[in-house]
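Visitor: Just so you know, numbering that gives the first Met the number 0 puts 45 at position 46 of the sequence shown, and the rest follows in order with no gaps. Heads up, the beta-carbon is just placed ideally off N, CA and C, and yes, glycines get one too.
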Amino acid sequence: MMTKKELEQYLAKLEDFVPKVSAKKSKRPGRPKKYDDRLVLFLIALREKYGWSLRDLEKKAKDIVPKGIEVPDFSSIHYRIRSMREYIEEVKPKLLKVIPDIEDSKADSNTKKSRKPKSTKTAKK
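(1) Do three or more CB pairs link the segment 86 to 99 to the segment 41 to 49 at distances below 8 Å?
(2) Just how far apart, CA to CA, sit Leu10 and Arg30?
(3) Here's the rule I'm using: 16 or more other beta-carbon atoms within 10 Å means buried, otherwise exposed. How should Pro71 be labelled?
(4) Can you list the beta strand (DSSP E) stretches of 3 or more residues lying completely in the segment 21 to 104, in chain order?
(5) Taking the alpha helix (DSSP H) that Glu5 belongs to, which residues open and close that run?
(6) Going along the chain, which residues of its own chain have a beta-carbon closer than 6 Å to the beta-carbon of Pro28, five neighbours each way excluded?
(7) Between Thr2, Trp51, Ile76, which has its C-alpha nearest Asp35's C-alpha?
(8) Contact defined as beta carbons within less than 8 Å: I believe Lys12 pairs with Pro65. What is the distance between those atoms, to the nearest angstrom?
(9) Where does Phe16 sit, in a helix, a strand or coil, going by DSSP?
And the structure:
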């Protein structure tokens, strides 16, 4: 798990990407966004870098992101990806350079369940 300070440093690097995303829909009516654009971009970049499914991303993000910071569920992430798809493709190369390598094996351990092979017993005749 990264510390809150480490996460804030990565999110600060994403600040350059946020105005373009937020400016597009800032004047629209409706409920305000629940999750910080920087955090959502961070999670999207992790997904792009590691090829995680949205459900895996949600589980791993809960291990990576410090306690006290709420992580969006997979459907919220999907909605935000859908609304920013063109922009994400445009900035993906720059965005992936900002994202850290996740070295914490705990992030992988919660989503990969080891399965024991079924024993092959021969039936008695």
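Guide: According to the structure shown:
(1) Short answer: they touch.
(2) Working through the sequence shown from its first residue, we reach residue 10 at position 11. Working through the sequence shown from its first residue, we reach residue 30 at position 31. The straight-line gap from Cα to Cα measures roughly 23 Å.
(3) For the purposes of this step, residue 71 is identified with residue 72 of the sequence shown, where counting begins at 1. Burial check for Pro71: the Cβ neighbour count within 10 Å reaches 16 or more, so the residue is buried.
(4) The segment 21 to 104 contains no whole beta strand (DSSP E) run of 3 or more residues.
(5) Start at 1 with the first residue of the sequence shown, and residue 5 comes out as number 6. Note, Glu5: alpha helix (DSSP H), 3 to 12.
(6) Here the question's residue 28 lines up with position 29 in the sequence shown. For Pro28, where only same-chain residues beyond five positions count, there are no Cβ hits under 6 Å.
(7) What you label residue 35 is simply residue 36 of the sequence shown in a count that begins at 1. Comparing Cα-Cα distances from Asp35 to each of Thr2, Trp51, Ile76, the minimum goes to Ile76.
(8) If you number the sequence shown from 1, residue 12 lands on position 13. If you number the sequence shown from 1, residue 65 lands on position 66. The C-beta separation of Lys12 from Pro65 comes to about 17 Å, leaving the pair out of contact by the 8 Å criterion.
(9) In the sequence shown, counting from the first residue as 1, residue 16 sits at position 17. Coil, per DSSP.
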